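*Asks:* Shown below is the structure under consideration.
Number of protein chains: 2
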Amino acid sequence: MLKVLKFGGTSVGTLERIQNVATIIKKIKDDGHDVIAVVSAMSGETNKLIEYAESYSKMPAPSEMDMLLSSGERVTSALLSIALNEAGYSAISMSGGRAGIVTDERHTKARIEYIDTKNMKESIAEGKVVVVAGFQGVTQKGRVTTLGRGGSDLTAVAIAGAIEADVCEIYTDVDGIYTTDPRIEPKAKKLDKISYDEMLELASLGAKVLQNRSVEMAKKLNVNLISRSSFTPEVEGTLITKEENIMEQPIVSGIALDKNQVRVGMYGVTDRPGIASYIFTALADANINVDMIVQTVAVDGKTSLDFTIPTTDLEICKTIMHKFEDEVEKFDYNEKICKVSIVGVGMKSHTGVASKAFTALANENINIRIISTSEIKISVIVEEKYAELAVRALHDAYDLDK
Amino acid sequence: MLKVLKFGGTSVGTLERIQNVATIIKKIKDDGHDVIAVVSAMSGETNKLIEYAESYSKMPAPSEMDMLLSSGERVTSALLSIALNEAGYSAISMSGGRAGIVTDERHTKARIEYIDTKNMKESIAEGKVVVVAGFQGVTQKGRVTTLGRGGSDLTAVAIAGAIEADVCEIYTDVDGIYTTDPRIEPKAKKLDKISYDEMLELASLGAKVLQNRSVEMAKKLNVNLISRSSFTPEVEGTLITKEENIMEQPIVSGIALDKNQVRVGMYGVTDRPGIASYIFTALADANINVDMIVQTVAVDGKTSLDFTIPTTDLEICKTIMHKFEDEVEKFDYNEKICKVSIVGVGMKSHTGVASKAFTALANENINIRIISTSEIKISVIVEEKYAELAVRALHDAYDLDK
Chain U
9 MLKVLKFGGT
19 SVGTLERIQN
29 VATIIKKIKD
39 DGHDVIAVVS
49 AMSGETNKLI
59 EYAESYSKMP
69 APSEMDMLLS
79 SGERVTSALL
89 SIALNEAGYS
99 AISMSGGRAG
109 IVTDERHTKA
119 RIEYIDTKNM
129 KESIAEGKVV
139 VVAGFQGVTQ
149 KGRVTTLGRG
159 GSDLTAVAIA
169 GAIEADVCEI
179 YTDVDGIYTT
189 DPRIEPKAKK
199 LDKISYDEML
209 ELASLGAKVL
219 QNRSVEMAKK
229 LNVNLISRSS
239 FTPEVEGTLI
249 TKEENIMEQP
259 IVSGIALDKN
269 QVRVGMYGVT
279 DRPGIASYIF
289 TALADANINV
299 DMIVQTVAVD
309 GKTSLDFTIP
319 TTDLEICKTI
329 MHKFEDEVEK
339 FDYNEKICKV
349 SIVGVGMKSH
359 TGVASKAFTA
369 LANENINIRI
379 ISTSEIKISV
389 IVEEKYAELA
399 VRALHDAYDL
409 DK
Chain X
9 MLKVLKFGGT
19 SVGTLERIQN
29 VATIIKKIKD
39 DGHDVIAVVS
49 AMSGETNKLI
59 EYAESYSKMP
69 APSEMDMLLS
79 SGERVTSALL
89 SIALNEAGYS
99 AISMSGGRAG
109 IVTDERHTKA
119 RIEYIDTKNM
129 KESIAEGKVV
139 VVAGFQGVTQ
149 KGRVTTLGRG
159 GSDLTAVAIA
169 GAIEADVCEI
179 YTDVDGIYTT
189 DPRIEPKAKK
199 LDKISYDEML
209 ELASLGAKVL
219 QNRSVEMAKK
229 LNVNLISRSS
239 FTPEVEGTLI
249 TKEENIMEQP
259 IVSGIALDKN
269 QVRVGMYGVT
279 DRPGIASYIF
289 TALADANINV
299 DMIVQTVAVD
309 GKTSLDFTIP
319 TTDLEICKTI
329 MHKFEDEVEK
339 FDYNEKICKV
349 SIVGVGMKSH
359 TGVASKAFTA
369 LANENINIRI
379 ISTSEIKISV
389 IVEEKYAELA
399 VRALHDAYDL
409 DK
């Protein structure tokens, strides 16, 4: 098999941990597989460089930040190669550019346009472990770029797709995806398999291990992703794959919790045609990710709008809301809420999934403020103080500990 | 004017010092010049990375060391660009490869094959300060290489030559070339100008500020080099240029001292044809730089050979000497010697320069063990304990403090 392995900043955070990564790779090579390893910068390095840059400028040129930040991954890739070579496993490090990763010119948040796998294939054919500096590429004109948050995961998934690897293993300090956050519900169980769509909806469960951007790309390129830990490599991890590959689909796969949401209420909104469109276009233009929206029926030519946004976007949102002051009687911002989501592909073909959730929450006297459902997800907004209780009640209601 | 400026590791050793370098560049830009700045890694960074690598392997692959070590200069180039941009001076960082520096494939000690100045010229034409990561290039095939010791100086000189810059200023923590080491002779004076050849012969005076490899390249490419300090940029420094550019040539320019020499004596050598050739070929094959050689006249079919080598090569030299045991009666290694050199292009057209040296040394009762002369240099080997005394006596004899 050809395996693409990705090791994050924590997994390569010290010289000892890089040595540990070399040991993991050696075992996989011994099992007869070909390996492309994608590495992040040693944890702390990137932040140190950002601090350096910010000591000079609040707004350093993105292209210069790319030159600066791309160095950390290069260091790790060389060190890992040296450790592998020393152990008798031939290895070669490659920068993003050298690995053939060509991006657009949006410095610090570039998108991969294509990957020329020639150099990697050549080295794999020579029996070498290819160690790629993650998080980076080059523009058509040859300037170095970085891919933004989660860029190293993205590098690994994109390479796995381009080179048609059998699997892409993302190593972090967490050994897989759980039915819910084990810190909230100790009975949470590690999932063996989960579909891309479920993973995307369970984002908050996977946020620390997998960014949505990478899961989306894995889905698009049909890459089998595995989330596992470099600290317990003997544990199998969770396979994220397409729905068809999962034989027995549970009705509910997991419960996600998102506390970083604000509910915005707009009361007494003049009910003229297109008003909702104006408001949400203004928010979209400011790149604010509006999630759940509820509009109440108009009474006396007035209507109400409720929606949620990420807490980080609250200040920008308030600025935008000012523009609509003439048409709205009252604004209301509530940060003391949270979003609990029940996710499962099995919902599609089962009825009564939602009512079970509502009953479970009602039994705990938890009031639901907003409900929103999709094919494979039911989300509810509840008061923040009920967050953990709601998660546990739902985890229990769907027997996720079984 | 188009100026290429090079700032060494000490000059960019801290964030404050990089800011100071930005201030120097800003002033030069304000004076109406175009600037290409070549930077080293922040002092300490390269050694840290070498330590990292050596913790894994005593013999890391040179190509991996290049990937590793080339990162430090990239960081400095981005940071300096950010500092300049913030001050309102448009700047762009370039890796060696991006600056068009193409080398051979001898990793960790690559030689520059050519420089494609297109990218640099384009940015200069846009009024930008170009900040090049020194010490590195890429092979024809696009793999990163480093240029070995003094590589950043070499980068600057090669760029100045390729782009036909008016001057190449090498900034260190020393403000120029002195008639002798001021720590030995406080009356030593800074030279305004000196020829390439004199500089090469005065290597030990310039060793801390200029490597011979860079001076040789400057001579070959006819680049006007200036050695000056980034800590006292108001001081003019020393211009190293071709002989024709120096109107009034002093008879003696400086006195150099080299304590890192060993005198090797071979006594009772069988005087057969080619014996000296065998010996020195064996030493050359081991890359030992043999300096001064004296052969005494043969008596009874036996001869004596005396020569000097750098102290660092002593152990290898001894190993080689063993091969000649059958043909040599006695070997003798003396580390307690030093080489004092009197350098000056004016010697060519003046007589009595050597006799003045011998008189000065004799007046101090310093015995000369070996003498060797070239067109512009007289070197003598004396006992190491007389090193400083010899330097001061000669400095005085040629009125270098005047």
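Going down the list, the sequences are from chains U and X.
Read in order, the letters of the first sequence correspond to residues 9 to 410 in the working numbering.
Read in order, the letters of the second sequence correspond to residues 9 to 410 in the working numbering.
Every residue gets a Cβ at the ideal spot worked out from N, C-alpha and C, and that includes glycine.
If you're wondering where the values come from, they're calculated on a predicted model, not measured in any experiment.
Please confirm whether N232 (chain U) has its beta-carbon closer than 8 Å to some beta-carbon of chain X.
*Replies:* Not an interface residue.
*Asks:* Find the residues of chain X that neighbour M255 (chain U), judging by a C-beta separation of less than 8 Å, and give them in chain order.
*Replies:* Within 8 Å Cβ-Cβ: nothing; M255 (chain U) doesn't reach chain X, min ~44 Å.
*Asks:* Under 7 Å Cβ to Cβ from R221 (chain X), same chain only, skipping five residues before and after it: list those, please.
*Replies:* Taken in chain order, the residues that qualify are G158, L162.
*Asks:* Taking the Cβ atom as the reference point for each residue, do L10 (chain X) and A173 (chain X) lie within a distance shorter than 8 Å?
*Replies:* Yes; because the gap between Cβ atoms is below 8 Å, this pair is in contact.
*Asks:* Who pairs with S203 (chain X) in a beta bridge, going by DSSP?
*Replies:* DSSP output for S203 (chain X) lists X:T249 as bridge partner(s).
*Asks:* Taking C-beta pairs closer than 9 Å, name the residues in chain X that V140 (chain U) reaches, listed in chain order.
*Replies:* Within 9 Å Cβ-Cβ: nothing; V140 (chain U) doesn't reach chain X, min ~11 Å.
*Asks:* Spell out whether any CB of chain U is found under 8 Å from the CB atom of V137 (chain X).
*Replies:* Output row for V137 (chain X): interface = no.
*Asks:* So that I know if they touch, is there some Cβ in chain U lying closer than 8 Å to that of M75 (chain X)?
*Replies:* Output row for M75 (chain X): interface = yes.
*Asks:* Write down the C-beta distance between S203 (chain X) and K250 (chain X) rounded to the nearest angstrom, noting that I regard them as a contact closer than 8 Å.
*Replies:* Contact flag correct, Cβ pair sits at about 7 Å.
*Asks:* Considering only C-alpha positions, which residue in the set X:I328, X:Y275, X:I185 is nearest to E244 (chain X)?
*Replies:* The shortest Cα separation from E244 (chain X) among X:I328, X:Y275, X:I185 belongs to X:I185.
*Asks:* Sort U:M225, U:T188, U:L92 by Cα distance to A168 (chain U) and report the nearest one.
*Replies:* Nearest of U:M225, U:T188, U:L92 to A168 (chain U), Cα basis: U:M225.
*Asks:* Considering only residues of the same chain and omitting the five flanking positions on each side of K17 (chain U), which have a CB-CB separation below 7 Å?
*Replies:* In the sequence as presented, Lys is not what sits at residue 17 (chain U); that position holds Gly. Same-chain partners within the cutoff: S48, A49, M50, S51.
*Asks:* Let me check understanding here. Comparing Cα to Cα, which of X:Y64, X:N342, X:A395, X:S19 lies closest to S85 (chain X)?
*Replies:* Here the closest residue by C-alpha is X:S19.
*Asks:* Any contact between the region 74-91 of chain U and the region 119-127 of chain U? By contact I mean 3 or more CB pairs, one from each, below 8 Å.
*Replies:* With a cut-off of 8 Å, the region 119-127 of chain U and the region 74-91 of chain U do not count as touching, because too few Cβ pairs lie within range.
*Asks:* For F15 (chain X), which of helix, strand or coil comes out of DSSP?
*Replies:* Note: F15 (chain X) maps to strand in three-state DSSP.
*Asks:* Per DSSP, E121 (chain U) forms a beta bridge with which residues?
*Replies:* According to DSSP, which records beta bridges pairwise, E121 (chain U) is partnered with nothing at all.
*Asks:* How about G142 (chain X) and T153 (chain X): do their beta carbons lie closer than 8 Å?
*Replies:* No; because the gap between Cβ atoms is not below 8 Å, this pair is not in contact.
*Asks:* What would DSSP say about R236 (chain U), mapped onto helix, strand or coil?
*Replies:* DSSP places R236 (chain U) in strand when its eight states are reduced to three.
*Asks:* Using a Cβ cut-off of 8 Å, pull out every chain U residue sitting near S63 (chain X), in sequence order please.
*Replies:* Chain U residues near S63 (chain X): L23.
*Asks:* Quick check on S238 (chain X) - is its C-beta less than 8 Å from some C-beta in chain U?
*Replies:* Not closer than 8 Å to any Cβ of chain U, the Cβ of S238 (chain X) fails to qualify, so no.
*Asks:* Looking only at its chain, what residues have a beta carbon closer than 6 Å to the beta carbon of S103 (chain X), apart from the 5 residues adjacent to it on each side?
*Replies:* Same-chain partners within the cutoff: R82, A141.
*Asks:* In the DSSP assignment, find the unbroken alpha helix (DSSP H) run with S63 (chain X) in it and report its ends.
*Replies:* First-last of the alpha helix (DSSP H) with S63 (chain X): 53-64.
*Asks:* Specify, as a first and last residue, the run of the alpha helix (DSSP H) that G273 (chain X) falls within.
*Replies:* Run containing G273 (chain X): none in the alpha helix (DSSP H); it sits in the beta strand (DSSP E), 269-278.
*Asks:* Using 8 Å as the threshold, is the C-beta distance between L408 (chain X) and V302 (chain X) below it?
*Replies:* Result no, Cβ atoms of L408 (chain X) and V302 (chain X) do not sit closer than 8 Å.
*Asks:* Hey, how far is the Cα of P318 (chain X) from the Cα of K149 (chain U)?
*Replies:* The straight-line gap from Cα to Cα measures roughly 47 Å.
*Asks:* Just confirm the distance between the C-beta atoms of A395 (chain X) and K267 (chain X), as a whole number of angstroms; I'd bet it's less than 8 Å.
*Replies:* Indeed they touch by this definition, with Cβ atoms about 6 Å apart.
*Asks:* Can N342 (chain X) and R400 (chain X) be called in contact, C-beta distance under 8 Å?
*Replies:* Against a cut-off of 8 Å, the Cβ pair of R400 (chain X) and N342 (chain X) comes out as no contact.
*Asks:* Is the CB-CB distance between E392 (chain X) and K344 (chain X) below 8 Å?
*Replies:* Taking 8 Å as the Cβ cut-off, E392 (chain X) and K344 (chain X) qualify as a contacting pair.
*Asks:* Counting only C-beta atoms, is N3 (chain X) closer than 8 Å to chain U at any point?
*Replies:* Examination of residue 3 (chain X) is not possible in this model, given that chain X is present from 9 through 410 alone.
*Asks:* Helix, strand or coil: how does DSSP classify I301 (chain X) here?
*Replies:* Strand, per DSSP.
*Asks:* Less than 8 Å separating the beta-carbons of D183 (chain U) and T240 (chain U)?
*Replies:* In contact: D183 (chain U) and T240 (chain U) (Cβ atoms closer than 8 Å).
*Asks:* Identify, in the order they occur along the chain, each residue of the same chain with its Cβ nearer than 8 Å to the Cβ of I254 (chain X), setting aside the five sequence neighbours on each side.
*Replies:* Closer than 8 Å at the Cβ level, and outside the excluded window around I254 (chain X), lie K201, I202, S203, V353.
*Asks:* If you reduce the DSSP assignment to three classes, tell me which class D42 (chain X) lands in.
*Replies:* Strand.
*Asks:* Should K227 (chain X) be labelled buried (16 or more other beta-carbon atoms within 10 Å of its own) or exposed?
*Replies:* With 16 or more other Cβ atoms within 10 Å, it is buried.
*Asks:* Since I believe Q269 (chain X) is in contact with K347 (chain X) (beta carbons under 8 Å), could you give me their beta-carbon distance rounded to a whole number of angstroms?
*Replies:* Confirmed, Cβ separation roughly 5 Å.
*Asks:* Is there a C-beta anywhere in chain X that falls below 8 Å from the one on L155 (chain U)?
*Replies:* No, its Cβ sits nowhere closer than 8 Å to a Cβ of chain X.
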